[in-house]
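Peer 1:
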Amino acid sequence: MNADHRVIALIDMDCFYVQVEQRLQPEFLGKPCGVAQYYTWKGGGLIAVNYEARNFGVKRGMRGEQAKELCPDFHVFHVQEVNGKANLTRYRDASADVFRVLNANFKLVEKASIDEGGKAGERVMELFQVEYIGQLRKYSLDALQTSMGEKDGYWLFNLTRGIETTAVNSRNLYKTISASKNFPGKTCLDTIDKIRIWCHNLAEEIFNRLEKDRAENKRRAKLLTVTCTLTTNETIARSCPINEYSIDRFANDTLKILKQYNKNSSTSNIYTPAIINLGISAGKFLDSVNTKSIADLFSKQTTKVETIRSTENTINWQEEDGEEEDNNIEEKVLEKPITTITTLSIQGDFFRKFKKTDEQINTQLKSENKTTTSSITSFFSRYTTNENVLNSSPNKIDDQYITCSKCHKSILMWNMPEHDDFHYAHELQMEENKTNSIIKTSKPIKRKTNKQKINNQTLDSFINKKPKN
């Protein structure tokens, strides 16, 4: 649709968490309400407040008890807790219901968080001393581009005049799935045992949500990211690949990463500095339907080689009494059909290209096999050399390494997928070498050699041959 004639509707769900709770308990419709997490201390922290409560001065971030002082009729809905952590599944499911309705009625639906302008909006407000976008209309294009740059200045100039050509992208899936928990004050994680418990709790939540996402959206996450904030106000973020969906695997990988930053000895249960925030997120989603494994890639290459060989081996030249020469190409069903030429041309080169001797074919196959084996062998040797250099590093941390069950080498945990692929590729190459060996030793196709003189004749000479008396 032309940008000048399109209509973009913004749907904003006011106080969404409160709406979800009021839908389940309609007796609180029209009354001052809010949703709070962890109500054990002063009624919990408010994460959503409806407009009826805002009229009394109640705001997000307040404690539940403080809100009741401002509004005695204020009702607090409490977020469910699982394993000591807030469970927001109810609200995520409600959001999914909303998008199902929108997607059923509109072609393009984009999920976006646009309540605040962010840092760019703050910069515009500070530079031009404005509060609303329309107030920028008094500034010329040159003035906007001088302050904001050529691209952003031009965009703002059009935006103040109601011109916006950015495409609406049909996107309503999360880019990441995450779970986190704060541990303020005395609740900080200062022992390995405490950290292990929370690694498992967060891993369980991530696992359940990933399994649900895989079933609904047919995709898989490939990267696990661990973030934590220490009592020193240092924030750490490290990532590792996701090889399988497993609670224990997620928990163990998270714990291994966190142990790297423990300044106490590896034998001590004390963790220093303590953790005041811990989070796990899964991202880098790939379509599980279209995602190909390394086995698929190698099988395609093998099929291609076999297709070439079967084509060469099915060309049969039959001659009857030295008088006629029929070109019969045996037809085979292949994954990718070979182009069939149905019109015979009298170009001698077309027929001549099929007249390879057995020695030429075998020489070509031998050369191809030698080249392929040489290139793949050099790849393996190069990989092994790099791996040996890595394993000989004097700064190796045991917790970062996993012992390979096939070669018994210590491999970095985030390099393990590539290492597994190396073994798999090597095994496939060994099988391919065995197959090539069988082909070389097999009996070549027999051809009649007593008709070489006729084979070398052109089609013209055959047609112009004088008839026998």
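For any residue, its number in the numbering used here is found by taking its place in the sequence shown, counting from 1, and adding 16. For glycine and all other residues, C-beta sits at the position ideal for the given N, C-alpha and C.
Can you say whether residue 225 is buried or exposed, counting buried as having 16 or more other CB atoms within 10 angstroms of its CB?
Peer 2: buried
Peer 1: Report the three-state DSSP secondary structure of residue 88 (helix, strand or coil).
Peer 2: coil
Peer 1: So is residue 284 buried or exposed if we call it buried at 16+ other beta carbons inside 10 Å?
Peer 2: exposed
Peer 1: Three-state secondary structure (DSSP) at residue 30?
Peer 2: Three-state result, residue 30: coil.
Peer 1: Identify, in the order they occur along the chain, each residue of the same chain with its Cβ nearer than 8 angstroms to the Cβ of residue 227, setting aside the five sequence neighbours on each side.
Peer 2: 261
Peer 1: Out of 441, 190, 180, point me to the one whose CA is closest to residue 21's CA.
Peer 2: 180
Peer 1: How big is the Cα-Cα spacing for residue 81 and residue 58?
Peer 2: 5 angstroms
Peer 1: Tell me the rounded alpha-carbon separation between residue 24 and residue 270.
Peer 2: One Cα belongs to residue 24, the other to residue 270, and the distance between them is close to 43 angstroms.
Peer 1: Looking at the unbroken beta strand (DSSP E) that takes in residue 148, where does it start and where does it end?
Peer 2: Taken as a continuous stretch (DSSP letters only), residue 148 belongs to no beta strand (DSSP E), as it is neither H nor E.
Peer 1: Short check: CB of residue 291 to CB of residue 246, under 8 angstroms?
Peer 2: Contact flag set, yes.
Peer 1: Within 10 angstroms of the Cβ of residue 242, are there 16 or more other Cβ atoms? Answer buried if so, exposed if not.
Peer 2: buried
Peer 1: Using 8 angstroms as the threshold, is the segment 89 to 99 in touch with the segment 55 to 75, meaning 3 or more CB pairs across them?
Peer 2: In short, these stretches touch, since the Cβ pair count reaches three.
Peer 1: Rank 115, 149, 145, 277 by C-alpha distance to the C-alpha of residue 27 and give the top, closest one.
Peer 2: 115
Peer 1: Can you tell me the Cβ-Cβ gap for residue 51 and residue 93, rounded? I've got them flagged as a contact below 8 angstroms.
Peer 2: 5 angstroms
Peer 1: Check residue 200 in the structure and name its three-state DSSP category.
Peer 2: coil
Peer 1: Where does residue 82 fall in DSSP's three states?
Peer 2: helix
Peer 1: So, helix, strand or coil for residue 255, using DSSP?
Peer 2: strand
Peer 1: Please check the pair residue 160 and residue 172, which I expect to be a contact at CB under 8 angstroms, by giving their CB distance rounded to whole angstroms.
Peer 2: 5 angstroms
Peer 1: Could you check whether residue 195 and residue 218 sit closer than 8 angstroms to each other, using their CB atoms as the reference points?
Peer 2: Yes, the pair counts as a contact, with Cβ atoms nearer than the cut-off.
Peer 1: By Cβ distance, which residues of its chain are closer than 6 angstroms to residue 54, with the 5 residues on each side in sequence left out?
Peer 2: 60
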